[in-house]
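K.L.:
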DNA sequence: ACATGTTGCTGCCGTTTCGGCAACAGCTAT
DNA sequence: ATAGCTGTTGCCGAAACGGCAGCAACATGT
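Residue numbers (the working numbering), protein chains in the order written: chain A, 3 to 314; chain B, 3 to 314.
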């Protein structure tokens with residue numbers, strides 16, 4: 003099923019690899035064929051699409067415009083294919099997810115397991131990365147669905163949903179703070195703190211609040227792994243900060259206690275966004291999972307809020 | 003700039019014309035070439051795309067799926083072209099509008115004139131039709147922007163904006179009702195009435211209200227032209243019903259009076275929707291006009307509401 | 001400084017694909 | 001039955017495509 007001009011696919015491969023010869027290897031054709039198609043494209047557009055450096059090719063402005071078009075075409079072709087396939091049989095395909103680490107403990111594995119028990123022909127590719135990388139992966143077409151801290155997202159991405167979760171302190175069961183219902187940042191800073199490194203978005207959520215305080219936190223541990231921070235907190239090493247999303251399992255085992263942060267009477271929110279490329283229609287089987295994801299996250303948000311309402 | 007497989011464009015032409023030979027004439031190629039490309043497409047998809055009748059070709063289910071994909075590709079190609087063009091010079095292109103008749107008196111001509119005074123290389127194609135035809139024209143890719151009475155729209159169309167305008171009675175300056183601020187339907191039916199035919203959506207807005215009344219309206223004039231109805235009302239022939247959108251100019255000349263309808267104390271609304279194909283990104287110059295259209299209609303809605311608030 | 005590996009590009013040439021011409025069968029309307 | 005339309009199919013020339021080998025330009029490693 004290859005009803006698009008080879009030029010389109012060659013261009014796409016060159017863009018991804020950044021090299022004509024690498025693209026040729028990827029496509030199992032001679033590099034000369036790829037080179038010629040690119041030259042022909044540039045002649046038809048009337049403008050160079052790549053800047054040739056000694057090390058490879060980089061997109062020009064016009065090239066990026068064409069890349070956007072080509073991605074739209076190929077992604078929509080993908081959708082068409084799966085639409086035709088689902089017409090005569092079961093759903094089949096791969097869903098590619100890019101998400102931040104908070105989801106890996108409970109939300110994502112639960113959802114994927116549940117989904118696969120119902121649709122066994124749908125496989126998954128999940129990649130964990132930072133929030134800004136999630137958005138970048140979506141823009142480059144390397145992922146279908148992205149979950150990230152809700153920053154300002156570029157206009158070529160669509161925010162399917164926005165769910166807010168309370169940021170809180172994670173302490174071991176035996177920690178002096180463990181009996182409280184909520185904690186303030188100041189109360190936490192009296193103890194050793196497990197700090198997030200700037201590459202994690204938690205850092206950027208807490209830093210402005212810490213800056214407002216008079217005292218600086220006691221130097222303790224810095225890490226860039228949500229998982230590591232959580233395990234350290236469980237071992238009583240210090241106080242970590244995350245949303246409740248990542249500790250469902252550990253708090254069920256009563257090893258960890260989650261204490262919602264209280265910042266001058268108001269909660270500290272961590273906004274989670276679900277993103278999709280805007281200029282794209284998802285295949286039916288991908289959209290179905292997306293809806294489940296939105297529903298599930300909304301459900302957890304609702305459950306959290308209900309729990310806090312009970313406290314207050 | 004033809005970097006897409008000929009099969010794509012041939013298929014598109016065949017779908018539009020419903021005939022291979024007609025498509026061949028349109029494309030200035032031999033009919034055999036077109037026939038072969040279609041057969042090749044069907045072989046690659048693995049399923050027939052058209053049903054061959056003696057009179058021409060009709061899309062199958064799979065054919066309609068491919069038609070959707072092809073339309074997405076070609077419309078996005080169009081956007082890419084205009085994006086490249088606008089990079090090196092002024093905006094240039096054609097905006098195709100499908101709309102209902104209410105807009106032709108004032109809103110659309112004002113907007114187009116104003117827009118063209120600023121962007122002279124942008125030309126317009128406007129076609130007036132019924133509300134359901136507007137949606138159909140959008141779905142078939144025959145129009146870029148559609149304006150219609152807001153019915154339930156199919157999921158492949160996106161409602162960019164929804165503006166509500168009050169339905170009212172149109173009477174000549176000398177008409178006995180002309181001095182009132184508002185009128186009820188019963189009051190109007192005491193006079194000769196200019197009724198809309200079922201092909202106009204005004205019919206479907208008023209019919210349920212008329213059905214609720216005990217008396218049936220005096221037989222008068224029935225018409226399917228907003229313009230004709232308006233001119234008849236201006237000549238004192240009877241009472242017509244429309245929104246205020248279509249009589250800006252005539253009411254400025256004080257020939258016509260607009261009396262908002264009062265239905266048991268509540269206004270009668272006519273919802274106007276602005277539509278665009280959902281699976282499409284508009285070219286920049288088209289989107290700019292769309293924004294102006296939304297702004298302008300919103301402005302008129304606001305002005306109307308302000309006027310009514312003053313009355314009340 | 002030299003050698004080596006890599007980059008993209010370009011003649012040359014065989015293969016594939018495409019399009020035009022003419023003819024064919026099937027159907028409809030006059 | 002005739003005429004006009006439909007889509008399809010051999011046949012053949014033209015255009016496009018892809019593979020091979022070699023080119024110059026640049027980067028890297030010794």
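Yeah, the Cβ is synthetic: ideal placement off N, Cα and C, and Gly gets one too.
From a predicted model like this one, the values you see are computed outputs, not experimental measurements.
1. Below 8 Å CB to CB, which residues in the same chain sit around residue 226 (chain A) once its five sequence neighbours on both sides are set aside?
2. Could you name the residues of chain B that residue 68 (chain A) contacts, counting a contact when the two beta carbons are closer than 7 Å?
3. So if DSSP puts residue 262 (chain B) in a beta bridge, which residue, or which two residues, is it bridged to?
4. Could you check whether residue 249 (chain A) and residue 232 (chain A) sit closer than 8 Å to each other, using their CB atoms as the reference points?
5. At which residues does the alpha helix (DSSP H) containing residue 209 (chain A) begin and terminate?
6. Residue 49 (chain B) and residue 64 (chain B): beta carbons closer than 8 Å?
7. Closest Cβ-Cβ distance between residue 5 (chain A) and chain B: below 8 Å?
8. Please determine, among B:10, B:122, B:126, the residue with the shortest C-alpha to C-alpha distance to residue 111 (chain B).
9. Kindly list the residues whose CB is nearer than 7 Å to the CB of residue 296 (chain A), restricted to its own chain and excluding five residues on each side of it in sequence; keep chain order.
10. Could I get the ranges of all uninterrupted alpha helix (DSSP H) runs contained in the region 6 to 70 of chain A, with 4 residues as the minimum, in chain order?
11. Report the rounded CA-to-CA distance for residue 192 (chain A) versus residue 179 (chain A), giving the unit in angstroms.
12. Please report the residue range of the alpha helix (DSSP H) in which residue 110 (chain A) lies.
13. Rounded to a whole number of angstroms, what is the C-alpha to C-alpha distance between residue 144 (chain B) and residue 104 (chain B)?
14. Considering residue 228 (chain A), what are the terminal residues of the alpha helix (DSSP H) in which it resides?
15. For residue 245 (chain A), does the count of other Cβ atoms within 10 angstroms reach 16, so buried, or fall short, so exposed?
16. When you compare each of B:130, B:10, B:242 to residue 107 (chain B) by their alpha carbons, which one comes out closest?
17. Along chain B, which residues have their Cβ under 8 Å away from the Cβ of residue 9 (chain A)?
18. For residue 144 (chain A), which of helix, strand or coil comes out of DSSP?
19. Is it the case that the region 83 to 103 of chain B contacts the region 139 to 155 of chain B, given that we only count it when at least three CB pairs across the two stretches are under 8 Å?
20. Per DSSP, which residues does residue 164 (chain A) bridge with? Please list them.
21. Look up residue 200 (chain A) in the DSSP assignment and say whether it is helix, strand or coil.
22. DSSP beta-bridge partners for residue 101 (chain B)?
23. If we call anything under 8 Å between Cβ atoms a contact, is residue 166 (chain A) one with residue 273 (chain A)?
24. Can you pull the chain B residues whose beta carbon is under 8 Å from the beta carbon of residue 144 (chain A), in chain order?
25. Taking Cβ to Cβ, would you say residue 240 (chain A) is nearer than 8 Å to residue 212 (chain A)?
26. Consider the Cβ of residue 265 (chain B): report whether some Cβ of chain A lies at a distance smaller than 8 Å.
27. What number of angstroms, rounded off, separates the C-alpha of residue 306 (chain B) from the C-alpha of residue 5 (chain B)?
28. So which of A:184, A:155, A:37 has the shortest CA-CA distance to residue 259 (chain A)?
29. Do residue 298 (chain A) and residue 109 (chain A) have their C-beta atoms closer together than 8 Å?
30. Taking C-beta pairs closer than 7 Å, name the residues in chain A that residue 292 (chain B) reaches, listed in chain order.
31. State yes or no: is the C-beta of residue 95 (chain A) within less than 8 Å of the C-beta of residue 269 (chain A)?
32. To the nearest angstrom, how far is the alpha carbon of residue 80 (chain A) from that of residue 135 (chain B)?
33. Along the region 218 to 241 of chain B, where does the CB come closer than 8 Å to a CB of chain A? Name the residues.
34. What does a CB cutoff of less than 8 Å around residue 271 (chain B) pick up in its chain, not counting 5 residues either side in sequence?
35. Taking the alpha carbon of residue 84 (chain B) as the point to measure from, which residue in B:188, B:235, B:3 has its own alpha carbon closest?
36. So, with DSSP's three-state summary, where would you put residue 296 (chain B)?
P.N.:
For this structure:
1. Numbered from its first residue, the first chain carries residue 226 (chain A) at position 224. So the qualifying residues of the chain are 198, 199, 201, 202.
2. In the first chain, residue 68 (chain A) corresponds to position 66, counting from 1. Per Cβ cutoff of 7 Å: 82.
3. In the second chain, residue 262 (chain B) corresponds to position 260, counting from 1. Bridge partners of residue 262 (chain B) according to DSSP: B:170.
4. Position 230 of the first chain, counting from 1, holds the residue named residue 232 (chain A). Position 247 of the first chain, counting from 1, holds the residue named residue 249 (chain A). Yes, the pair counts as a contact, with Cβ atoms nearer than the cut-off.
5. Against the first chain, residue 209 (chain A) aligns to sequence position 207. Where residue 209 (chain A) is concerned, the enclosing alpha helix (DSSP H) stretches over 203 to 214.
6. Translated into the one-based positions of the second chain, residue 49 (chain B) becomes position 47. Translated into the one-based positions of the second chain, residue 64 (chain B) becomes position 62. Yes, the pair counts as a contact, with Cβ atoms nearer than the cut-off.
7. Stepping through the first chain from its first residue, residue 5 (chain A) is reached at position 3. When Cβ-Cβ separations below 8 Å define contact, residue 5 (chain A) makes contact with chain B.
8. As a first step, residue 111 (chain B) must be located in the second chain, where it is residue number 109. Looking only at B:10, B:122, B:126, the smallest Cα-Cα distance to residue 111 (chain B) is reached by B:126.
9. Here the question's residue 296 (chain A) lines up with position 294 in the first chain. Answer for residue 296 (chain A): 162, 163, 276, listed in chain order.
10. Counting only runs of 4 or more, we get 8 to 19, 22 to 29, 33 to 47.
11. As a working mapping, residue 192 (chain A) is identified with position 190 in the first chain. As a working mapping, residue 179 (chain A) is identified with position 177 in the first chain. If you draw a straight line from the Cα of residue 192 (chain A) to the Cα of residue 179 (chain A), it is about 10 Å long.
12. For this step, residue 110 (chain A) is matched to residue 108 along the first chain. Run containing residue 110 (chain A): 109 to 120, per the alpha helix (DSSP H) assignment.
13. Numbered from 1 along the second chain, position 142 holds the residue referred to as residue 144 (chain B). Numbered from 1 along the second chain, position 102 holds the residue referred to as residue 104 (chain B). The alpha-carbon of residue 144 (chain B) is positioned some 20 Å away from that of residue 104 (chain B).
14. Here residue 228 (chain A) refers to the residue found at position 226 of the first chain. Element bounds for residue 228 (chain A): 228 to 236.
15. Here the question's residue 245 (chain A) lines up with position 243 in the first chain. Per the 10 Å Cβ criterion, buried.
16. Sequence index remark: in the second chain, residue 107 (chain B) carries index 105 (1-based). Cα-wise, what sits closest to residue 107 (chain B) is B:130.
17. Indexing the first chain from 1 puts residue 9 (chain A) at position 7. Going along chain B in sequence order, the residues near residue 9 (chain A) (Cβ under 8 Å) are 5.
18. Your numbering for residue 144 (chain A) matches position 142 in the first chain. If DSSP states are grouped into helix, strand and coil, residue 144 (chain A) belongs with coil.
19. As far as the Cβ criterion goes, the region 139 to 155 of chain B touches the region 83 to 103 of chain B, which means the pair count is three or higher.
20. As a first step, residue 164 (chain A) must be located in the first chain, where it is residue number 162. A:275.
21. Residue mapping note: residue 200 (chain A) aligns to position 198 of the first chain, counting from 1. The DSSP-derived three-state label of residue 200 (chain A) is coil.
22. Residue 101 (chain B) sits at position 99 when you count from the first residue of the second chain. Under DSSP, residue 101 (chain B) takes part in a beta bridge, and its partners are B:130, B:149.
23. Position 164 of the first chain, counted from the first residue, corresponds to residue 166 (chain A). Position 271 of the first chain, counted from the first residue, corresponds to residue 273 (chain A). Result yes, Cβ atoms of residue 166 (chain A) and residue 273 (chain A) sit closer than 8 Å.
24. As a working mapping, residue 144 (chain A) is identified with position 142 in the first chain. The premise fails here: residue 144 (chain A) is roughly 20 Å from chain B at the closest Cβ pair, so nothing lies under 8 Å.
25. As a working mapping, residue 240 (chain A) is identified with position 238 in the first chain. As a working mapping, residue 212 (chain A) is identified with position 210 in the first chain. Using a Cβ distance threshold of 8 Å, residue 240 (chain A) and residue 212 (chain A) do not count as a contacting pair.
26. Start at 1 with the first residue of the second chain, and residue 265 (chain B) comes out as number 263. No, residue 265 (chain B) lies away from the interface with chain A (no Cβ there is under 8 Å from its Cβ).
27. By one-based count along the second chain, residue 306 (chain B) stands at place 304. By one-based count along the second chain, residue 5 (chain B) stands at place 3. Each residue's alpha carbon lies about 50 Å from the other.
28. Counted from its first residue, the first chain places residue 259 (chain A) at position 257. Per the Cα distances, A:184.
29. As a first step, residue 298 (chain A) is located in the first chain; it is residue number 296 there, counting from the start. As a first step, residue 109 (chain A) is located in the first chain; it is residue number 107 there, counting from the start. For the pair residue 298 (chain A) and residue 109 (chain A), the CB atoms are nearer than the 8 Å cut-off.
30. The residue you call residue 292 (chain B) lines up with position 290 of the second chain. By Cβ distance, chain A contributes nothing, its closest Cβ being about 15 Å from residue 292 (chain B), past 7 Å.
31. As a first step, residue 95 (chain A) is located in the first chain; it is residue number 93 there, counting from the start. As a first step, residue 269 (chain A) is located in the first chain; it is residue number 267 there, counting from the start. No. Outside cutoff.
32. The sequence position of residue 80 (chain A) within the first chain is 78, counting from 1. The sequence position of residue 135 (chain B) within the second chain is 133, counting from 1. Rounded to the nearest angstrom, the two C-alpha atoms are 30 Å apart.
33. Here the close residues number zero.
34. Taking the first residue of the second chain as position 1, residue 271 (chain B) is located at position 269. Its chain contains 166, 167, 168, 169 as the residues whose beta carbon lies nearer than 8 Å to that of residue 271 (chain B), once the 5 sequence neighbours on both sides are disregarded; these appear in chain order.
35. Taking the second chain and counting its residues from 1, one reaches residue 84 (chain B) at position 82. Closest by C-alpha distance to residue 84 (chain B), out of B:188, B:235, B:3, is B:3.
36. Taking the first residue of the second chain as 1, we reach residue 296 (chain B) at position 294. Three-state result, residue 296 (chain B): helix.
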